[in-house]
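Q: Before I ask anything, here is the structure I am working with.
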Amino acid sequence: MFRYWQRRFKTGVLTENPQLDERLSDLRKRLKKGIAKHFAGSLAIRMVDSGSCNACEAECNALSNPYYDLERLGIRFVASPRHADVMLLSGVLTFNMLPHVLDAWEQIPEPKWCITLGDCPVLQSPIERTFAVKGPAGEHLPVAYHIPGCPPSPEAILEGLVGFLESMED
Amino acid sequence: MNENKKRLIARFAVDRGDRFEILTRFEGETIQRERIEHQEAKAPSLMPRYPAAVWFERKIMEDFGIRFEGAFDTRPLLHHERWPEGVHPMRRDFDPDTVLEEAPYRPYRYATVGGEGVFEVAVGPIHAGIIEPGHFHFSQAGEDMLHQEVRHFYKYRGIEKSCEGKSLTEAAPIVARISGNESVAAQIALARIAERASDTQTPTPQRARQALLLELERIIHHWTDLGFIPNDAGFAAALAYASARAEEARRLMAALTGHRFGFDAIFSGTEDWDKATINAWIERNFEAIEWFESWITDIPSLWDRMDTTGILKRAEALRYGCVGVMARASGLERDVRMSDPFYTERGFAAALEESGDVAARFKIRIAEIKASLELMRRFAEEAEAEPYRIAEPRDGAYDAFVESSLGELYLYMELEAGKITRLFFRDPSFVNWQALPTLMPGNIIADFPLINKSCDLSYAGNDL
């Protein structure tokens, strides 16, 4: 373990890496402010994959890596829909997933918001609406906000969450 | 166990209008074709001899309505509880835009173990973490897993059907998005088919570009797993370290292709590559994996969880025809790159472990990052940032193998007048998922996430 701490101090804090420019730090500030205002400082997200290619999930996971470290902004991906404020829905809504997605949505306590993530749930990606797809998500769920991209990068997801919070001001 | 038995790679069907044809691909052989009449749509089952035939044949049953004589498992696979009966989407006369209405709920019969005190645990389709949906059904005696059934196809998007009637160029963005973990690999498989169908050969600099991106994709995937496997054993520091390396690798992918996952990268993008950036990244990553290995090898409590956990026996890996990391961690030297001079001439040798447990799969991933970095060094010298242009293809049937980050990926295509009339995609996970339950007996359910993550199989690629 000693070697780990040695390395740890040598590496320093990646989260403050110069690669992450002012725009991002501004984004973070706005995000933190919005969460403090609308969600008492803690936004709980239940991510539900309704038929994605797994890239959107990978980017959400990336938000927890040391470069983005999402949790320090008060955002948490939670295991149970019953702990969630927001359902983040990725992928085309498949015939086989639809009932389970609706189940998960029902389990989220009010007030709740559904955010679609990536081009798939709104059927804007190359993955087509076929017999096996029940999308777009808006036909089955009250979608409050959409974050575009194929997949949206971690930065785009942060930006999207800011957009969602600011849309609540209206 | 007969070691000489052939490996079943794929079994699928094609509707020829007046008849069906079942195509079966064994390792080292050409495709076998069975003619099946529409009127009497049945064929002898391979299930009793080849356990991996179970999903292949169950899929054919639903896709085409062909029955298999001697099949011991005829439960629905793709068509879940609310699917209307008698719908066979891969038949020629089925319109892909058909809107299917939910039929009355028909419960699925899980394969379970009965007996006093034995109980069932149902997990999924929606899991606790940020992961793809799928269902795992356990039969438990206390903490001990007696049996597990893997039930998938929640993500079934009808991709095979949606590619029909499209040109290779039109299908390429779909193929790139079958599975985000192996997008580059799938695109290269499509490029190989395009190459064969136009009697062309990809020039070495272009091939080196493709191969470099493929190894980078593998490195991203392996670093991700090297973080998540220890994390599932409660060792979060490894995730912090490895996920930062995966992020850096993804940023290199974005710098080289304009996309963090390399979507559409094989067929587009012309910017010059900055070789100095690539080389500097390779050297930094080499240092990182060496350090990671020496550090993680010294954490005894982690190896206590990984050693002897979730063993895939060599005999089972053979029986199921496992591929990829799972096969190589169980002593089977299965790697498409080993039969490709492009790799062997550049000094490639597949990593191999014998113990078949979580630890073996973990060590394989470390070894493969190093091997991929070695390959990247070579490819970086030879590569030119020239995307692959799909030429006018000849009619015919073509297939291709690519070693994706998950294992051997198989793509089959039939072309008529420049359009795809049949696309069959066998993800490496399609065979490996079927072998997964053999890893469970003798382990406690708390180790399931660890075992599952050590195999890291794809749901999207499997479900299509």
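Protein chains in written order, with my numbering: chain W, 14 to 183; chain H, 26 to 489. Note that CB positions come from ideal geometry on N, CA and C, so glycine has one too.
1) To the nearest angstrom, how far is the alpha carbon of I394(H) from that of H159(W)?
2) Could you tell me which of A385(H), Y266(H), A96(H), D289(H) sits nearest to F22(W), measuring between CA atoms?
3) What residue from I213(H), H177(H), A236(H), I56(H) has the CA that sits closest to R371(H)'s CA?
4) Taking 8 Å as the threshold (beta carbon to beta carbon), is P122(W) in contact with chain H?
5) On the CB-based measure, 16 or more other CB atoms within 10 Å of its CB, does K42(W) come out buried or exposed?
6) Starting from the C-beta of P114(H), find all residues in its chain whose C-beta is less than 7 Å away, skip the five residues before and the five after it, and write them out in chain order.
7) Between the C-alpha atoms of L490(H) and I391(H), what's the straight-line distance to the nearest angstrom?
8) I believe A352(H) touches P230(H) by the beta-carbon criterion, under 8 Å. Please report the beta-carbon distance rounded to the nearest angstrom.
9) Which of the three DSSP states, helix, strand or coil, is assigned to P150(H)?
10) Classify K300(H) as buried or exposed, calling it buried when 16 or more other Cβ atoms lie within 10 Å of its own Cβ.
11) Just to confirm my understanding: we take D62(W), look at its own chain, exclude 5 residues before and 5 after, and list those with CB closer than 7 Å. What are they?
12) Determine the contact status of I415(H) and M170(H), defining contact as a CB-CB distance below 8 Å.
13) Using the Cα positions of I140(W) and A166(H), report the straight-line distance between them to the nearest angstrom.
14) For a contact meaning CB atoms closer than 7 Å, what does V99(W) contact in chain H?
15) Rounded to whole angstroms, what is the Cα-Cα separation between G87(W) and G54(W)?
16) Would you call P31(W) buried or exposed, if buried means 16 or more other Cβ atoms sit within 10 Å of its Cβ?
17) So if DSSP puts H51(W) in a beta bridge, which residue, or which two residues, is it bridged to?
18) Do the CB positions of L101(W) and L130(W) come within less than 8 Å of each other?
19) With a cut-off of 8 Å on the beta carbons, I'd call R100(H) and Y130(H) a contact; round off their distance for me.
20) For A546(H), count neighbouring C-beta atoms within 10 Å of its own C-beta (all shown protein chains included) and say buried if the count is 16 or more, exposed if not.
21) Report the residues of the stretch 140-166 of chain H with a CB closer than 8 Å to any CB of chain W, ordered along the chain.
22) Which same chain residues, not among the five before or five after F260(H), have their C-beta less than 7 Å away from its C-beta?
23) Just how far apart, CA to CA, sit P76(H) and H152(H)?
24) Using alpha carbons as the reference points, say which of Q57(H), E52(H), G53(H) lies closest to E46(H).
25) Are the stretch 331-345 of chain H and the stretch 448-465 of chain H in contact at 8 Å, needing three or more beta carbon pairs?
26) Going by other Cβ atoms of all chains shown within 10 Å of its Cβ, with 16 needed for buried, is R36(W) buried or exposed?
27) Should W306(H) be labelled buried (16 or more other beta-carbon atoms within 10 Å of its own) or exposed?
28) Any beta carbon from chain H within less than 8 Å of C66(W)'s own beta carbon?
29) For H105(H), which option in K84(H), V39(H), A269(H) has the closest C-alpha, if you only look at C-alpha atoms?
30) Is there at least one Cβ from chain H nearer than 8 Å to C73(W)'s Cβ?
31) Please go through the same chain and pick out, in chain order, the residues whose beta-carbon is closer than 6 Å to the beta-carbon of G173(W), but skip the five residues on each side of it.
32) In chain order, what residues of the same chain lie with their CB nearer than 8 Å to the CB of E318(H), ignoring the 5 residues before and after it?
33) Quick one: residues in its chain with C-beta nearer than 8 Å to the C-beta of D297(H), no 5 flanking neighbours on either side, listed in chain order?
34) Which of helix, strand or coil does DSSP assign to S192(H)?
A: Taking the definition as stated:
1) Along the second sequence, one-based indexing puts residue 394(H) at 369. Along the first sequence, one-based indexing puts residue 159(W) at 146. If I take the Cα positions, the gap works out to 36 Å.
2) Stepping through the first sequence from its first residue, residue 22(W) is reached at position 9. Nearest of A385(H), Y266(H), A96(H), D289(H) to F22(W), Cα basis: Y266(H).
3) Residue 371(H) sits at position 346 when you count from the first residue of the second sequence. Ranking the options by Cα distance to R371(H), first place goes to A236(H).
4) Indexing the first sequence from 1 puts residue 122(W) at position 109. Chain H contact via Cβ: absent.
5) Here residue 42(W) is taken as the residue at index 29 of the first sequence, counted from 1. When all chains shown are included, K42(W) counts as exposed.
6) If you number the second sequence from 1, residue 114(H) lands on position 89. Hits under 7 Å: D88, G183, K186.
7) Within the shown structure, residues of chain H are numbered from 26 to 489, placing residue 490(H) beyond reach of any answer.
8) Indexing the second sequence from 1 puts residue 352(H) at position 327. Indexing the second sequence from 1 puts residue 230(H) at position 205. Actually they do not touch by this definition, with Cβ atoms about 32 Å apart.
9) Locating residue 150(H) in the second sequence gives position 125, counting from the first residue. In the structure shown, P150(H) sits in coil (DSSP, three-state: anything other than H, G, I, E or B).
10) In the second sequence, counting from the first residue as 1, residue 300(H) sits at position 275. K300(H) comes out exposed.
11) Taking the first residue of the first sequence as 1, we reach residue 62(W) at position 49. Once the five neighbours on either side are set aside, the close Cβ partners of D62(W) are E70, S103, G104.
12) The residue you call residue 415(H) lines up with position 390 of the second sequence. The residue you call residue 170(H) lines up with position 145 of the second sequence. Not in contact: I415(H) and M170(H) (Cβ atoms no closer than 8 Å).
13) The sequence position of residue 140(W) within the first sequence is 127, counting from 1. The sequence position of residue 166(H) within the second sequence is 141, counting from 1. Roughly 43 Å between the two C-alpha positions.
14) Along the first sequence, one-based indexing puts residue 99(W) at 86. In chain order: nothing, as chain H lies at least about 14 Å away.
15) Working through the first sequence from its first residue, we reach residue 87(W) at position 74. Working through the first sequence from its first residue, we reach residue 54(W) at position 41. So the alpha carbons of these two residues sit roughly 6 Å apart.
16) Position 18 of the first sequence holds residue 31(W). Annotation note: pLDDT 47 at P31(W) (below 50); position unreliable, coordinate value reported separately. Exposed: under 16 other Cβ atoms inside 10 Å.
17) Numbered from its first residue, the first sequence carries residue 51(W) at position 38. Answer is none; H51(W) lacks a bridge partner.
18) Indexing the first sequence from 1 puts residue 101(W) at position 88. Indexing the first sequence from 1 puts residue 130(W) at position 117. Yes, these two residues count as a Cβ contact at 8 Å.
19) Here residue 100(H) corresponds to residue number 75 of the second sequence, with the count starting at 1. Here residue 130(H) corresponds to residue number 105 of the second sequence, with the count starting at 1. Wrong, their Cβ atoms sit about 15 Å apart, outside the cutoff.
20) Absent from the model: residue 546(H). The displayed extent of chain H is 26 to 489, so no value can be given.
21) P150, I151, A153, G154, I155, I156, E157, P158
22) Looking up residue 260(H) in the second sequence gives position 235. Counting only Cβ-Cβ distances below 7 Å, and skipping sequence neighbours, we find I324, L327.
23) One-based indexing of the second sequence puts residue 76(H) at position 51. One-based indexing of the second sequence puts residue 152(H) at position 127. Approximately 27 Å, taken between the alpha carbons.
24) Translated into positions along the second sequence, residue 46(H) becomes position 21. Of the listed residues, the one whose Cα sits closest to E46(H) is Q57(H).
25) yes
26) Mapped onto the first sequence, residue 36(W) falls at position 23. Flag for R36(W) reads exposed.
27) To locate residue 306(H), count along the second sequence from 1; it is residue 281. Result: buried.
28) Numbered from its first residue, the first sequence carries residue 66(W) at position 53. Yes, C66(W) lies at the interface with chain H (some Cβ there is under 8 Å from its Cβ).
29) Taking the second sequence and counting its residues from 1, one reaches residue 105(H) at position 80. Minimum Cα distance to H105(H) is reached at K84(H).
30) Indexing the first sequence from 1 puts residue 73(W) at position 60. Yes - at least one Cβ of chain H is within 8 Å of the one on C73(W).
31) What you label residue 173(W) is simply residue 160 of the first sequence in a count that begins at 1. So the list reads I160, once near-sequence residues are dropped.
32) Position 293 of the second sequence, counted from the first residue, corresponds to residue 318(H). Cβ within range, chain order: I391.
33) As a first step, residue 297(H) is located in the second sequence; it is residue number 272 there, counting from the start. Contacts found: A410.
34) Along the second sequence, read from residue 1 onward, the residue named residue 192(H) stands at position 167. In the structure shown, S192(H) sits in coil (DSSP, three-state: anything other than H, G, I, E or B).
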